[in-house]
Amino acid sequence: MSNADITVYGAHWCPDCRRSKQFLGEHQIPYNWVDIEEDPESEQFVIEKNDGKRIVPTIVFADETFLVEPTNAELAAKLGLRTKASRSHYDLIVLGGGPAGLTAALYTAREAIDTLVIERAAFGGQAAGTEKLDNMPGFPDGVAGIEFSQRLRQQVARFDAELLQAQEIAAIYQQDNYHCVRTTDGSEYSANALLIATGSRYKRLNVQGETDYLGAGVHFCATCDGPFYKGKRVAVIGGGNSATEESLLLTKFADQVTILVRKGEFSATAVIQEKVLSHPKIDVRWFTEVKEFIGKDSKLTQLRIVNNQMGTEENLKMDGAFIFIGLVPNTGFLEGSKILLDRWGFIVSGHAILHGDQRPIGFENRDPLLLETSVPGVFAAGDVRDTSTKQVVSAAGEGSTAALMVREYLKSI
Ligand code: NDP
Numbered sequence: 018m019s020n021a022d023i024t025v026y027g028a029h030w031c032p033d034c035r036r037s038k039q040f041l042g043e044h045q046i047p048y049n050w051v052d053i054e055e056d057p058e059s060e061q062f063v064i065e066k067n068d069g070k071r072i073v074p075t076i077v078f079a080d081e082t083f084l085v086e087p088t089n090a091e092l093a094a095k096l097g098l099r100t101k102a103s104r105s106h107y108d109l110i111v112l113g114g115g116p117a118g119l120t121a122a123l124y125t126a127r128e129a130i131d132t133l134v135i136e137r138a139a140f141g142g143q144a145a146g147t148e149k150l151d152n153m154p155g156f157p158d159g160v161a162g163i164e165f166s167q168r169l170r171q172q173v174a175r176f177d178a179e180l181l182q183a184q185e186i187a188a189i190y191q192q193d194n195y196h197c198v199r200t201t202d203g204s205e206y207s208a209n210a211l212l213i214a215t216g217s218r219y220k221r222l223n224v225q226g227e228t229d230y231l232g233a234g235v236h237f238c239a240t241c242d243g244p245f246y247k248g249k250r251v252a253v254i255g256g257g258n259s260a261t262e263e264s265l266l267l268t269k270f271a272d273q274v275t276i277l278v279r280k281g282e283f284s285a286t287a288v289i290q291e292k293v294l295s296h297p298k299i300d301v302r303w304f305t306e307v308k309e310f311i312g313k314d315s316k317l318t319q320l321r322i323v324n325n326q327m328g329t330e331e332n333l334k335m336d337g338a339f340i341f342i343g344l345v346p347n348t349g350f351l352e353g354s355k356i357l358l359d360r361w362g363f364i365v366s367g368h369a370i371l372h373g374d375q376r377p378i379g380f381e382n383r384d385p386l387l388l389e390t391s392v393p394g395v396f397a398a399g400d401v402r403d404t405s406t407k408q409v410v411s412a413a414g415e416g417s418t419a420a421l422m423v424r425e426y427l428k429s430i
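In structure tokens, the structure reads:
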């Protein structure tokens, strides 16, 4: 058990417990997890708190108050997260509070461009979930992803950008000369310009059992969920930079990490490959694909795997599985908008939007600015953009470039 101020009393089969744990994880809020089915005293405690009823999750806070089966909004309110903006109109609304969005806001707010940032989860994006950023310029010993994110957020706050979190974007639309944003709680905000910096998320395998055991053995974040596998056996699926780096992180907790790679080689950088291949706690299975996640009592116990060269199937006993097979862009909310996307759903920007036969509406008499999308005044930066390099440093760089382009755009309207 960690020394966190929050304790989640739940059971491994309980979907609401998983949702609350995921919410806390996404907001990087440390918590203790107590499975009441493995601890009769805690079960009794929960029953007493709930007037004789055994309701999970029951979440107890540092001030000894508690919430029972809270919604994410109730949790956000209890944790003091700011989820509503103070006004309805801004010069710029930045969608997404990762390195790209926060850097853009830092630049614009510093130049007195009135800026609102809306973030779905916690600030820092995927970078915040990375144990260590080793290639960040200016940090000779590397920097923890969470520390970098917190520093960036503090820096942005110093320049008076308004920051919302735990607010998901439902849609964007244009009304007269304004760009409007609707969040899933029904709030609507407008701005003269928008910057989409919503990043990307981990892809799923889409095999049987994957959804059933989400958070109960199947995971996408080693930093968040790795500590639950102390002394256990875990599998990592994928052969890229994420799979290999996260496997190294998982060796800090698990006794054995088995990487399942569908090809006969990694696609990760050479230096990480070497570390992984020589690590005593890591073994690699090449040409191996997962067919099914199998469990007992709502907990993952086995992976059915197949060797795609031989066609042989077998069941591997595993306590947990971490999937790192690439990224999908967070652009679902752009469905029905006029923002041009590539075939994977990443946003097309700059001169690339002119490659079709017809110029997009609004670009009849001018070329798009750098990082401007097919809707004039809407920009994109970071991992959500089609040709981005998926690096924190580049995302921050694109954020600053987008901010300068937004400044140019705002001068012109
Ligand atoms: P990548 O796209 O780089 O790698 C995905 C891996 O998953 C590949 O090995 C791929 O195999 C495998 N894969 C894809 N689909 C499946 C499937 N259905 N079943 C089994 N395996 C599958 O994704 P990453 O998340 O590793 O990285 C995303 C981006 O972020 C990359 O640009 C990466 O370089 C970058 N990154 C950089 C880091 C750093 O610089 N420190 C750290 C982490 C990520 P196959 O080769 O067969 O397609």
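All letters in the sequence shown, in the order written, are residues 18 to 430 by the working numbering. Glycine included, C-beta positions come from ideal geometry on N, C-alpha and C.
Quick one: residues in its chain with C-beta nearer than 6 Å to the C-beta of residue i, no 5 flanking neighbours on either side, listed in chain order?
i, result
"M18", "Any reading at M18 is ruled out, since the residue's pLDDT is 42, under 50, leaving its predicted position unreliable."
"A183", "A93, L98, T100"
"H106", "S207"
"S415", "According to the sequence provided, residue 415 is Glu. The question's Ser does not apply to it. Here the set comprises A117, A398, G399."
Let me confirm a value: residue i is counted as buried when at least 16 other C-beta atoms fall within 10 Å, else exposed. Which label applies?
i, result
"V288", "exposed"
"G113", "buried"
"E136", "buried"
"I186", "buried"
"Q39", "buried"
"S366", "buried"
"G337", "buried"
"M327", "exposed"
"I378", "exposed"
"R402", "buried"
Would you report the Cα separation of residue i and residue j, rounded to the nearest angstrom?
i, j, result
"W30", "D314", "7 Å"
"V301", "I276", "5 Å"
"K308", "G362", "26 Å"
"V63", "F78", "14 Å"
"R199", "V345", "22 Å"
"T268", "M335", "15 Å"
"L150", "Q143", "11 Å"
"F350", "I189", "7 Å"
"L211", "E86", "36 Å"
"L119", "Q273", "37 Å"
"F32", "K249", "Residue identity check: residue 32 is Pro in the sequence provided, not Phe. Distance between the alpha carbons of P32 and K249 is about 23 Å."
"T125", "T132", "7 Å"
Going along the chain, which residues of its own chain have a beta-carbon closer than 7 Å to the beta-carbon of residue i, five neighbours each way excluded?
i, result
"Q45", "A139, A145, I163"
"E331", "I322"
"Q290", "T261, F283"
Using only the heavy atoms of the ligand NDP, determine whether one of them is closer than 8 Å to the beta carbon of residue i.
i, result
"Q225", "no"
"Q408", "yes"
"R321", "no"
"A279", "The displayed chain sequence assigns Arg, not Ala, to residue 279. Yes, the Cβ of R279 comes within 8 Å of a heavy atom of the ligand NDP."
"F283", "yes"
"A145", "no"
"S295", "no"
"D151", "yes"
"L266", "no"
"Y219", "yes"
"S259", "yes"
"T275", "no"
Leaving aside the five residues before and after residue i along the sequence, list all residues of the same chain whose C-beta is less than 8 Å from its C-beta, in chain order.
i, result
"M153", "G159, V160, F165, V409, V410"
"G42", "C238, C241, D242"
"I311", "G226, L317, T318, Q319, L320, R321, N332"
"G257", "F283, S284, A285, F341, I342, G343"
Can you check whether the C-beta of residue i is within less than 9 Å of a C-beta belonging to chain D?
i, result
"P87", "Looking for chain D here will not work: only one protein chain is present."
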